[in-house]
Structure formats: C-alpha cells, structure tokens
Amino acid sequence: MALELQVGTILEGKVTGVKKFGAFVSLPDQKTGMVHISEVSSSFIEDLSTVLTEGQTVKVKVMNIAEDGKIALSMKRALPPEPRPAKGPRPPRGGRSDAPRVWQPKAQAPQGEMSFEDMMAKFKSQSEEKMSDLKRVTENRRGGGYSRRRG
C-alpha cells in the first residue's frame, strides 16, 4: 500500500544525515525529505549534531513538496503547540482604581502673580518656538530650506 505524501501530513521517519543546514529524513516509500535547522526546534540551535543523530526516529510534518520532488519537512510544527500562560487580570496602572477615567486638566505649576498679558506673552513665545522648530524640520525633510529670491 503506497502512502501518498501531502502537505500537512505528520509522519515518522529516520534521520539519514545531519549537515550544518539541516537533517535528511527517510520517509515511507523510499522518499527522503529535509528538515532545515530552523524547523527542528523553536529554540536556537547552533550545532544540529548536538540535537539529532543518524538513525534517530523523528516525527515530522510535510511543509512543501516542490515540483522537482524535494520535500520540505518540519519537526517543530509536528509537535502540539506549546500552551500559552494564562492571562490574569491586569493590575491597575499607577495605583488607579477601576473607576472610569474622566478627563482632568493637568495641574498647573504655581504661576505666581502673572497677569493675563504676561501669560499670553509666554504662550505666544512658546508657540512661535514650536512653529519655527516644525518649519525647520519640515524644510529639512524636503531637502532644502534655503530659497533663492531674485529681485
């Protein structure tokens, strides 16, 4: 009875060769596939020969069958997915309670005895600084900033 290989099939095979880049695995029906080193484990492997040996039986999943007959296999995808740790409730940030958040104006640093005109002058000065910074950054991105005026 011939087993027809299909992408997604999980089966067992024997490691027939271990190279730096991956391992060759003998499959049923005298077919051979290759497991790339990145598909052996979800953790980093520097030297594949420390994990796999020739003759070792491994469980693999068929990832791809190329038109030229090459079979790409994966060992890590043949394993059941690792369970994720359960997520508990998030602790409140910054010591806040579970009460709904309501917008509050930022607390102002004591301004002393600033008059309305002084506050407006300070605001205007800060605004002009921000606008000049924005203009400078925008002009630099456009690749210029210097314009030639002929007159």
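Per our numbering, the sequence shown starts with residue 95, numbered consecutively. Note that beta-carbon positions come from the ideal geometry of N, C-alpha and C, so glycine has one too. Since the model is a prediction, treat every value here as computed from it, not as a measurement.
Per the DSSP secondary-structure output, isoleucine 104 pairs in a beta bridge with Lys155. Glycine 116 and lysine 181 have their alpha carbons spaced roughly 36 angstroms apart. With a minimum length of 3 residues, the unbroken runs of beta strand (DSSP E) contained wholly in the segment 103-132 fall at 104-112, 116-121, 125-130.
With distances taken between CA atoms, valine 109 lies nearest to Glu148 out of Glu148, Ile139, Glu140, Thr144. Comparing C-alpha distances from threonine 103 to each of Val154, Asp212, Met225 shows the shortest one belongs to Val154. In the DSSP assignment, alanine 215 falls outside any beta strand (DSSP E) and lies within the alpha helix (DSSP H) extending over 210-235. Distance from the CA atom of valine 134 to the CA atom of methionine 169, rounded to whole angstroms, is 5 angstroms.
Taking all protein chains in view, the Cβ of isoleucine 139 is surrounded by fewer than 16 other Cβ atoms within 10 Å, so the residue is classified as exposed.
When the beta-carbon positions are compared, glycine 107 and serine 120 come within less than 7 angstroms of each other.
Serine 168 is bridged by DSSP to Lys155. Annotated three-state conformation of threonine 144 is helix, per DSSP. Straight-line measurement puts the Cα of lysine 229 at about 28 angstroms from the Cα of phenylalanine 210. Contact between isoleucine 159 and valine 101 holds: their C-beta atoms lie close to 6 angstroms from each other, under 8 angstroms.
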